[in-house]
Amino acid sequence: MTTPLSARDILERLVAFPTVSRDSNLELIDWVEGYLADLGVQGHRVWNEARTKAGLYAHIGPDVAGGVVLSGHTDVVPVDGQDWSSDPWTVSERGGRLYGRGTCDMKGFLALALAAVPDARAGRLERPLQLAFSYDEELGCQAVCPMIEEMTRTLPRAAAVIVGEPSMMKVVSGHKGGTGYQVHVRGHEVHSSMMHRGVNAIMEAARLIEWANEQNAAGAAAKPGALAAAFEPPWTTVHVGTIRGGTAGNITARDCCFEIEFRIVPGDDIADWERAFESRVAEVEAGMQKIHSDTRIVLEKFYALPALRPEPDGAAEALARRVSGDNAAHVVSYATEGGQFQLRGYSTVICGPGDIAQAHQPDEFLSLEQFAAGGRFVAGLVNSLRA
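Under this note's numbering, the first residue of the sequence shown is numbered 803, with each subsequent residue one higher.
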């Protein structure tokens, strides 16, 4: 059996793997799988179709139901164009903070989970500890789904899932869901002096973007439902963050592409929002084709993520509150794989070290205080499995 590493040592190794979502995470998975094997724990990979990435799950303890899953993602966002004060792929300690890409979001939690394995192995557990390390969370939380489904088939059902997304160690029982589309508007080029004979893809795209503005205004003006009221803002938001198109100022644009994203409050139905948007797209497209039949709007949905809904008397929330001592109610507007676990029947909450405001930022950091608090929390979870 290998000499167990400290959480700090593990964090340094994890951060050193540049697991940006556009690239492979297999070097990190290789290391984690090998480290677990040296501790006497078998990891199970769940590959992507191209076998360039993999999730990994593991089971420690008796083959009985009622355990705890510690869930987190291995991928991080790029550092391209960001002004870092130190190497983002090396953990640097300055002023009580651990700097590096992923220290907060969320390799800090993964390191704490792995550091807890020797303790789980050494003491007799009455219920198991399970680890679930996913990939492509930053691309829409879809890759975790086959891993959850395999876990439900091969492992005893856990009583609670703790997603270690940064929450400042607050127990978060709800988050917004989401869906998003890549939109390609294909128009018809003519000289702009005769624009009535052409179809300007940018101006047609603007009709859809204005629809987004109208939905946001209606949401802000409406009284929020009971589940939505706790969120900031307490309505489903529709956002366009990037757009490109056109070739010249005096030509009606042939092409315009943009992304549109919906952050959906619990209580709203993702399918309803998708139908509403697709209906508006159909209306705009029909108007375009009255002018030229070769015009069109192509939609590519790139993710659909369920919300995490607060659970009355939820086992995960009760456990996390008991271990952490946090008894306040918290919800967040960012999304996690927690909704995917809950959709498949797992009681789920978010509780992890660090501030989400640090996520995706240059000089991302995790404070030593939060790292230590996270360590105490994970140790408490493991200890709860002995009772």
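Ideal Cβ positions, reconstructed from N, Cα and C, are used throughout, including at glycine. Treat the numbers as computed from the prediction; the structure is a model and nothing was measured.
Using only alpha-carbon positions, find the residue among the options that is nearest to residue i.
i       : options                            : result
Gly966  : Cys1153, Ala1028, Leu1101, Cys943  : Cys1153
Gln1172 : Ile1158, Asn1185, Leu927, Gln1163  : Ile1158
Ala960  : Gly898, Pro890, Pro864             : Pro864
Met908  : Glu851, Phe1179, Cys1059, Glu940   : Glu940
Arg1098 : Ala1106, Phe1104, His993, Val1083  : Val1083
Thr1044 : Cys1059, Leu807, Thr1038, His990   : Cys1059
Glu1166 : Leu900, Glu1061, Asp877, Tyr859    : Leu900
Ala1030 : Val985, Gly979, Ser994             : Gly979
Leu1145 : Thr954, Arg929, Gln884, Pro820     : Thr954
Ser1169 : Ser894, Ala962, Pro890             : Ser894
Ile812  : Ser823, Tyr837, Ser887, Leu858     : Tyr837
Asp938  : Asp1070, Pro1108, Asp825           : Asp825
Val870  : Ile964, Cys943, Ser808, His846     : Ile964
Val1040 : Ala1109, Arg1046, Ala1020, Asp1115 : Ala1020
Glu1080 : Ser936, Ile1062, Thr905, Gly1176   : Ile1062
Tyr1136 : Pro1108, Arg1124, Val1125          : Pro1108
Gln932  : His986, Ala1007, Gly845            : Gly845
Pro880  : Ser995, Gly904, Ala915, Ala962     : Gly904
Ala962  : Ala1175, Val848, Gly1116           : Gly1116
Ala1174 : Thr892, Leu914, Val848, Ala1032    : Leu914
Should residue i be listed as close to the ligand PLP, given that the test is whether its C-beta is under 7 Å from any heavy atom?
i      : result
Gly989 : The model depicted lacks the ligand PLP and carries no ligand whatsoever.
On the CB-based measure, 16 or more other CB atoms within 10 Å of its CB, does residue i come out buried or exposed?
i       : result
Gly925  : exposed
Ile831  : buried
Asn827  : buried
Asp1096 : exposed
His861  : buried
Ser873  : buried
Lys855  : buried
Arg1056 : buried
His875  : buried
Arg853  : exposed
Pro1164 : exposed
Thr1054 : buried
Asp885  : exposed
Arg1178 : exposed
Gly1127 : exposed
Name the one or two DSSP bridge partners that residue i has.
i       : result
Ala1106 : Thr981
Gln932  : His861, Val871
Pro1068 : Asp1070
His846  : Tyr859
Glu1063 : Gly982, His1041
Arg959  : For Arg959, which the question treats as bridged, DSSP gives no partner whatsoever.
Thr1150 : Val963
Cys1058 : Val987, Gly1047
Tyr901  : Ser894, Phe1167
Leu1101 : Val985
His993  : Ile1053
Val974  : Ile1152
Val1134 : His977
Val1180 : For Val1180, which the question treats as bridged, DSSP gives no partner whatsoever.
Just how far apart, CA to CA, sit residue i and residue j?
i       : j       : result
Arg988  : Arg810  : 52 Å
Arg1111 : His977  : 7 Å
His998  : Glu1087 : 16 Å
Glu1113 : Gln1160 : 28 Å
Pro1068 : Asp840  : 42 Å
Pro1036 : Ala1073 : 19 Å
Gly1011 : Glu1076 : It is worth fixing the name first, because residue 1011 is Ile in this sequence and not Gly. Straight-line Cα distance between these residues: approximately 15 Å.
Glu1102 : Tyr983  : 5 Å
Glu814  : Val843  : 21 Å
Pro806  : Trp833  : 14 Å
Pro930  : Gly897  : 37 Å
Gly883  : Pro820  : 15 Å
Thr1038 : Arg1065 : 5 Å
Ala1118 : Gly1147 : 12 Å
Ser936  : Cys943  : 9 Å
Glu952  : Ala1106 : 20 Å
Leu912  : Arg1046 : 38 Å
Val992  : Val1042 : 27 Å
Thr956  : His990  : 54 Å
Ala934  : Ala1007 : 40 Å
Ala1120 : Gly868  : 14 Å
Met1090 : His986  : 13 Å
Ser823  : Gly1027 : 35 Å
His1162 : Val817  : 14 Å
Are at least three pairs of beta-carbons, each pair with one atom in the region 1153-1165 and one in the region 968-975, less than 8 Å apart? yes
Below 8 Å, how does it come out for the region 929-949 and the region 1003-1021: are there three or more Cβ pairs, yes or no? no
When you compare the region 1008-1018 with the region 1136-1145, are there three or more beta-carbon pairs, one atom per stretch, that lie closer than 8 Å? no
At least 3 beta-carbon pairs within less than 8 Å: the region 1169-1186 vs the region 917-933: yes
Does the structure place the region 1128-1135 close enough to the region 1043-1057 that three or more beta carbon pairs sit under 8 Å? no
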